[in-house]
Each structure stands twice: as C-alpha cells, then as structure tokens.
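If you're matching them up, the sequences are chains P and R in order. In terms of my numbering, the first sequence opens at residue -12 and continues consecutively. In terms of my numbering, the second sequence opens at residue -12 and continues consecutively. Cβ coordinates follow ideal geometry from the N, Cα and C atoms, glycine included. If you're wondering where the values come from, they're calculated on a predicted model, not measured in any experiment. Presented below is the structure to which this report refers.
Number of protein chains: 2
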Amino acid sequence: MDICGEKCINEKKVMETIKTIPRQENVGQMAEIFKALSDPTRLKIVLALLNQEHCVCDIAVICNQTDSAISHQLRILRTLKILKNRREGKIIYYSLDDDHVVSLIKMSLDHVRH
Amino acid sequence: MDICGEKCINEKKVMETIKTIPRQENVGQMAEIFKALSDPTRLKIVLALLNQEHCVCDIAVICNQTDSAISHQLRILRTLKILKNRREGKIIYYSLDDDHVVSLIKMSLDHVRH
DNA sequence: CCTTCATTTGAACAGTTGTTCAAATATTAA
DNA sequence: TTAATATTTGAACAACTGTTCAAATGAAGG
C-alpha cells in the first residue's frame, strides 16, 4: 500500500494521523452500523423497540409502512445482529439485541433533544 | 395522520410505543448524522480530524482518494456543521466542529476495539 | 385436508449516492 | 500580468437503496 508518494503537503502530519486511524476492517464495521441507523424507517424501528418488543405488523403501523417494507428492513437489522426475534405461534416478535447500538441511539437522542 | 386504523394486532402496545417515539423532525436529524458517518470515506475523514486538523490534499492522501472526491465529501460534512475550515493562504484546513459527533465516533470506536 | 393469517421473498422500479473528469475559482509569487 | 498551486464545482455515470407488488412460506384451527 503506497501510503504517501510525493504530492503530500505535510508528510509528517499525514504519517502521524495515519497511525491513529483504525484498520480498514474496523472502519468498515463502524460505517455499517451507522448506515443501518441512517435510514429513517430503520431508525424508527429501533426507536420503537427501545420501548418494548413488537410484532412485524405492529411495527408497520408504528412506522406507517407496509408489512413487506418493514420485513425487508427487519432482515437488514437482523443480519447485522442489531435485532433478534422470537416466534409465538403465527406472530414473530422483534426486539433489540445490541447494547452498544442502544447506547449510540440514546446518546444521539439526548443530543437532538437538548 | 391516521395512527391506527383497524388492522393492528395490539393497539394498546402500539399506542404506548408511538408516544415514546421522537418527533419526525428529530428522527430525521438523527438519521442525517448517522448517514453522514455511514460512508467509509467520510468516516475516515472524521477519524483523521479526530487527531488533528488537515488540509484537503493531505486528507486525500490519508483516505487514498482524489482531491476532488474529498472536496465533495468535505462539503457534505461542512453543510451538516460536522466540520469547519479556516484558510491559510492557498491552503484550507479542516477540523471537527461538533462535540456530539466526536462522542458518537469515540463510543463506536470503543465498541469495535473491544 | 383446506383456509386463514403473519410474515417473508424476489423482481422490478425510481430515486439517491459516490466517484471521476474537466473546467472554474482563488490565492500567492514571479 | 502570467504562472503555479489548492480547492471547488457541475455534469455524467455506474452502483446502490428503499418501496411496491405479487407470490410463496409457515403455523394454527376447523
């Protein structure tokens, strides 16, 4: 990996900072979580489940979207292990499964409220 | 706004949760910040500036992208007031301008590292 | 078995996104 | 003024995203 060829203004500062940046892998993980929360529908799902678990069609009502649209988004959040689900007969209940994401959400909630 | 028509499984739970969800406006603001941090290039810019201020072309080297690509992303982050800049002759230095975003980033950094 | 209901799935679509390229600005120095 | 350098801008493009719709699945009850 060619870190700094010859075009850089302040090679020393650049080198210093590059040392502090996490590995590509970790940057990717961070970006993935932020991306999951960057869609208003998905964010609303997570905010709803912050209160209590809900089934798919209730989440659809809360988010004012079709069951199908919600199901697609739930799959994304489940794949990222942000949500988990449990079946009770025909109904599937979703709830939060990542304490860290909960903290992130609460912190950003505090911000927009103050 | 028709909150709950007749198709909802558990009207009481739905009503309870709807009360806890922030206003659309605030959900939108939260999503906007998460979206800003959801692109690996933009996230890397913010991570770099967590260390110290940098000029555009140094950021380009750090992120391994063209000056132009970085400039486009800097505009997005500046518009959201996540970054500020100062001019020193021909060179424009960018730095962080939102303590809350810094906290969010640090919290998510802690997470991927542990 | 057949029906109903909750959820999932896949294809299709429009809308958005990030990067590239070339051209435009803006500042400095000769 | 002219040339050189740092940054910005706008158009264009492929790649990606979220929603919709229709059809498929899976569980419970008759």
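Per the DSSP secondary-structure output, N72 (chain R) pairs in a beta bridge with R:Y81.
DSSP links C42 (chain R) through a beta bridge to R:Y80. Secondary structure at N13 (chain P): helix, using DSSP grouped into helix, strand and coil.
Shown here, D26 (chain P) sits in coil according to DSSP, grouped into three states, outside any helix or strand.
Interface annotation for the region 14 to 41 of chain P against chain R: V14, G15, Q16, M17, A18, I20, F21, K22, L24, S25, D26, P27, L30, K31, L34, A35, N38, Q39, H41, criterion Cβ-Cβ distance under 7 Å. Residue state for T53 (chain R) is assigned as coil, using DSSP reduced to three classes. Listed along chain P, the residues sitting closer than 7 Å to H98 (chain R) by beta-carbon distance are H87. If you draw a 10 Å sphere on the C-beta of K31 (chain P), you find 16 or more other C-beta atoms in it, and that means buried.
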